[in-house]
Amino acid sequence: MTPPPYVVGVDTDVTTLRDADHLLRELAAVFPGREDLYGCTHLVRRGGRRRVALSLGSRSRTAVDAARGALTAGGHTVTDGAWDDRGRAVLYPGAAALTGTLTVAELLDRSAIERVRVLGTPGAPDPATPLVTREFVRPHWEDGTLVLAAMPHIGATLVPFEDPAPTPCCADH
17 MTPPPYVVGV DTDVTTLRDA DHLLRELAAV FPGREDLYGC THLVRRGGRR RVALSLGSRS
77 RTAVDAARGA LTAGGHTVTD GAWDDRGRAV LYPGAAALTG TLTVAELLDR SAIERVRVLG
137 TPGAPDPATP LVTREFVRPH WEDGTLVLAA MPHIGATLVP FEDPAPTPCC ADH
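Oh and the sequence shown: position 101 is 117 in this note's numbering, straight run, nothing missing.
Have a look at this one:
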């Protein structure tokens, strides 16, 4: 599946991925026809200001135009297009079905994710390999394909690379 052809970017003052995820879900509520909605976060730095910008996209121009109007009316700065081509997908078709432990094949079958890449290993994982979702699956766009980075976990399972509750750097100092 390729990225959606109709996309709007939303500038924010948000500086953390957690806050960006929350805001993205909030803003997605104005989007009609959310079954094919893609919502991504993008780490940007413009004008010396670091932040997490958002993009919302769909295969429906009408839905994106309606969302653009609602977001602008809500006081958001909206532009055409995504911030970059490597967005971190939070909202995408099938995301809600990725709960519990699934095989790699089930994950690919139930969602818009097209590939799983296991860090530190060559090649694709066996489709029968269990993946513990932790109810937090954040793939990235890579060359027009949604790819989930995963890592080995306990008992020959995999987990998504991004941790839902990361420990802040130097938290024990």
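Idealized CB from N, CA, C, for every residue including glycine. Keep in mind it's a predicted model, so treat the numbers as computed, not measured.
Limits of the unbroken alpha helix (DSSP H) element including residue i
i      : result
His-38 : 33–44
Leu-87 : 77–89
Nearest to residue i (by Cα), restricted to the options the options
i       : options                           : result
Pro-168 : Leu-147, Pro-155, Gly-160         : Leu-147
Pro-19  : Leu-123, Glu-151, Cys-56          : Cys-56
Phe-177 : Glu-158, Asp-159, Pro-48, Arg-154 : Arg-154
Gly-65  : Gly-160, Val-30, Glu-122          : It is worth fixing the name first, because residue 65 is Arg in this sequence and not Gly. Answer by Cα proximity: Val-30.
Residue i vs residue j beta-carbon contact at 7 Å
i       : j       : result
Leu-70  : Val-26  : yes
Val-175 : Thr-145 : no
Leu-23  : Gly-90  : The amino acid occupying residue 23 in the given sequence is Val; Leu does not appear at that position. No, the Cβ-Cβ distance between Val-23 and Gly-90 is not below 7 Å.
Thr-10  : Thr-149 : Shown here, the chain extends from 17 to 189; a query on residue 10 therefore has no answer.
Arg-67  : Thr-32  : no
As assigned by DSSP and simplified to three states, the class of residue i
i      : result
Glu-3  : Here the chain has residues from 17 to 189 only, and residue 3 is not among them.
Asp-96 : strand
N- and C-terminal bounds of the beta strand (DSSP E) containing residue i
i       : result
Thr-174 : Correcting the residue type first, residue 174 is Leu in the shown sequence and not Thr. Taken as a continuous stretch (DSSP letters only), the beta strand (DSSP E) holding Leu-174 covers 173–176.
Okay, do the region 124–134 and the region 163–171 touch, 3+ Cβ pairs below 8 Å being the bar? These segments touch.
Whether or not the region 132–140 and the region 72–81 are in contact is what I'm after, with contact meaning three or more pairs of Cβ atoms, one per stretch, closer than 8 Å; do they touch? In short, these stretches do not touch, since the Cβ pair count stays below three.
Between the region 23–40 and the region 103–110, do three or more beta carbon pairs fall short of 8 Å? Flag = yes, the region 23–40 and the region 103–110 touch.
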